[in-house]
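Okay, so here's the structure we're looking at.
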Ligand code: FAD
């Protein structure tokens with residue numbers, strides 16, 4: 010008897026694929042005639058040293074609620090459980106009589122190890138177990154250089170992807186889902202304690218709508234707005250110049266191939282360069298996952314081992330807190346760190362500037378910054394965050410051929426030329442004339458008058474910080 014004839018059940022284990030469109034695991038359960046039982050298992054410890062941070066949890070809470078609502082509209086529902094994952098799946102299999110388990114793959118090292126173990130164990134126990142790609146255009150092991158090795162440099166990687174480029178098929182969510190009441194219904198979403206007890210995340214939700222519908226709305230907004238001019242505007246934090254899809258992509262609320270397909274449908278002679286520039290950024294996301302899979306130690310260790318002897322400074326907790334809380338006295342840094350705290354997100358250009366300031370001017374190990382981002386970003390993503398921090402620190406793959414130290418004053422004047430981004434996030438400086446907003450310490454009197462509580466001097470002298478970073482680099486190179 011086939012699965013369909015017997016009404017056999019399959020667990021569909023949702024993880025970072027919180028959507029019903031383009032969900033290969035769910036689709037496989039349906040295509041094979043199973044009644045899917047959608048489950049979510051909360052097991053933060055299974056992420057190894059990288060258990061999800063507080064902002065990420067806050068997003069996940071809302072995204073799970075949106076997924077459950079979408080399932081209920083179709084006659085099904087999401088069951089929530091606490092980990093450990095394997096024991097929870099085994100107990101569910103025993104109580105529901107499920108014959109199969111389907112999930113979509115994750116690529117973080119601790120999750121890859123866990124999933125491989127779960128797959129082998131359950132298959133040994135006679136279950137049908139299958140996993141799928143829901144997150145990437147190219148899974149890490151499908152792309153190799155001419156020597157059969159993983160890529161370490163983005164441009165050749167990207168050129169290779171372009172030769173293999175073909176868009177995945179978009180499959181809309183089923184309009185109805187079969188349902189089963191077998192087995193335990195699980196705990197409530199609130200019992201997972203993902204939402205913060207104190208509503209420090211209130212500001213997030215003025216800007217963001219977690220869940221699949223929110224992801225589609227963000228894509229539509231981008232296509233109708235910032236896509237035009239993306240190539241030029243994507244570096245401007247004072248404008249909405251990018252898609253803001255990163256948390257939606259991280260939580261799998263939309264498939265990257267759907268994003269790419271929608272953009273391809275919109276392609277015209279006028280926006281072709283913008284679309285190409287955007288797809289290249291999706292390419293960086295692919296590259297980050299490629300690196301994380303092939304070099305799984307890099308969230309904690311320098312990609313470039315030569316930096317193991319780099320003379321990082323001893324961390325002063327007070328100075329680190331000044332950076333974290335946007336009190337460095339360097340307005341573009343403070344604006345970025347405050348944007349992050351209030352919205353759970355920071356513009357990419359500003360991420361680079363604040364990361365450079367921490368790792369170069371203060372010479373703090375990039376891990377301190379990566380950890381803070383991990384806890385505060387709603388799009389915290391082990392692959393992208395690791396790549397971003399190591400790239401800026403100069404310790405990563407694809408590092409610039411020279412040791413780059415961003416000048417925060419020049420960067421601010423170039424990418425926030427009217428000082429509007431600074432005025433938004435450091436409003437006490439809005440009363441200063443524009444050039445002074447970039448380096449207010451140059452007119453102490455004006456600064457005292459306008460913003461008496463703002464630090465009168467930068468946390469570190471700009472020139473001295475830069476020189477000491479370069480000196481440490483020269484020492485490293487012998
Ligand atoms: P868009 O410009 O609209 O780009 C579209 C998509 O492409 C993004 O949503 C993202 O998925 C991907 N993308 C864009 N730029 C990059 C990049 N440089 N590397 C990898 N993927 C990219 N991104 C995260 O998603 N999570 C992180 O934890 C993260 N940490 C970072 C840390 C540092 C120090 C730096 C410099 C960058 C980091 N990034 C991270 C990359 C980038 O800043 C964000 O992806 C981007 O700002 C998201 O905004 P957007 O969706 O509007 O981007």
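Residue numbers (the working numbering): 10 to 487. In this text, a Cβ means the ideal position worked out from N, Cα and C, and glycines have one as well.
Asked, Found
"The ligand ZN and residue 259: does any heavy atom of the ligand fall closer than 8 Å to the residue's C-beta?", "As presented, the structure is devoid of the ligand ZN, carrying the ligand FAD as its sole ligands."
"Taking the DSSP output, what are the residues bridged to residue 139?", "111"
"Using the Cα positions of residue 267 and residue 483, report the straight-line distance between them to the nearest angstrom.", "46 Å"
"Starting from residue 102, trace the beta strand (DSSP E) in both directions and tell me its first and last residue.", "That residue, residue 102, is in no beta strand (DSSP E); its alpha helix (DSSP H) goes 94–105."
"For residue 45, report the span of its beta strand (DSSP E) as first-last.", "44–51"
"Using only alpha-carbon positions, find the residue among 250, 293, 445 that is nearest to residue 400.", "293"
"Drop a sphere of 10 angstroms on the beta-carbon of residue 522, count the other beta-carbons inside from all chains shown, and report buried for 16 or more, exposed for fewer.", "Given a span of 10 to 487 for the chain in the structure shown, any question on residue 522 remains unanswerable."
"For the candidate residues 109, 421, 264, whose alpha-carbon lies nearest to that of residue 178?", "264"
"Shorter than 8 Å, the distance from the beta carbon of residue 397 to the closest heavy atom of the ligand FAD, or not?", "yes"
"Using DSSP with H/G/I as helix, E/B as strand and the rest coil, what is residue 59?", "coil"
"Does the beta-carbon distance from residue 387 to residue 64 come in below 9 Å?", "yes"
"Helix or strand or just coil, what does DSSP make of residue 267?", "helix"
"Tell me whether residue 443 sits in a helix, a strand or coil according to DSSP, three-state version.", "helix"
"What's the call for residue 196, buried or exposed, on a 16-neighbour Cβ count within 10 Å?", "exposed"
"Tell me, please, whether the segment 277–285 touches the segment 377–387 by the rule of three or more beta-carbon pairs shorter than 8 Å.", "no"
"Please return the same chain residues whose Cβ sits closer than 7 Å to the Cβ of residue 145, not counting the five positions on each side in sequence.", "265, 295, 298"
"Thinking C-alpha only, which one of 69, 32, 450 is nearest residue 203?", "69"
"Taking Cβ to Cβ, would you say residue 245 is nearer than 9 Å to residue 424?", "yes"
"Beta-carbon separation of residue 192 and residue 106 under 9 Å?", "yes"
"Considering residue 232, what are the terminal residues of the beta strand (DSSP E) in which it resides?", "That residue, residue 232, is in no beta strand (DSSP E); its alpha helix (DSSP H) goes 221–233."
"Write down every uninterrupted run of the alpha helix (DSSP H) in the segment 368–455 whose length is 4 residues or greater and which is fully enclosed by it, in chain order.", "375–385, 391–402, 417–424, 429–434, 443–447"
"For the pair the segment 330–349 and the segment 16–31, tell me if three or more CB-CB distances fall below 8 Å.", "no"
"Counting C-beta neighbours from all protein chains within 10 Å, is the total for residue 262 16 or more, i.e. buried, or is it exposed?", "buried"
"What number of angstroms, rounded off, separates the C-alpha of residue 67 from the C-alpha of residue 454?", "42 Å"
"Kindly indicate which three-state DSSP category residue 354 falls into: helix, strand or coil?", "coil"
"Does residue 249 come out as helix, strand or coil in the three-state DSSP assignment?", "coil"
"Within the same chain, show all residues whose beta-carbon is closer than 6 Å to that of residue 232, passing over the 5 residues directly before and after it, in chain order.", "275"
"Could you tell me if residue 216 is buried or exposed, where buried requires 16 or more neighbouring beta carbons within 10 angstroms of its beta carbon?", "exposed"
"Take residue 182 and list the residues in its own chain whose beta-carbon comes closer than 6 Å to its own, dropping the five residues that flank it on each side.", "29, 30"
"Taking residue 19 as part of the alpha helix (DSSP H), name the residues at either end of that continuous run.", "Careful: residue 19 lies outside any alpha helix (DSSP H), inside the beta strand (DSSP E) at 18–23."
"Grab the span of the beta strand (DSSP E) containing residue 120 for me, first residue to last.", "Segment 118–133 is the alpha helix (DSSP H) holding residue 120; no beta strand (DSSP E) there."
"With distances taken from CA atoms, which of 131, 116, 96 is nearest residue 110?", "131"
"Would the segment 53–61 and the segment 134–144 be scored as touching if the rule is three or more Cβ pairs under 8 Å?", "no"
"On the DSSP bridge assignment, give the partners of residue 89 in chain order.", "49, 196"
"Taking 9 Å as the CB-CB cut-off, is residue 387 touching chain C?", "The chain labelled as chain C is not found in the depicted structure, where only one protein chain is given."
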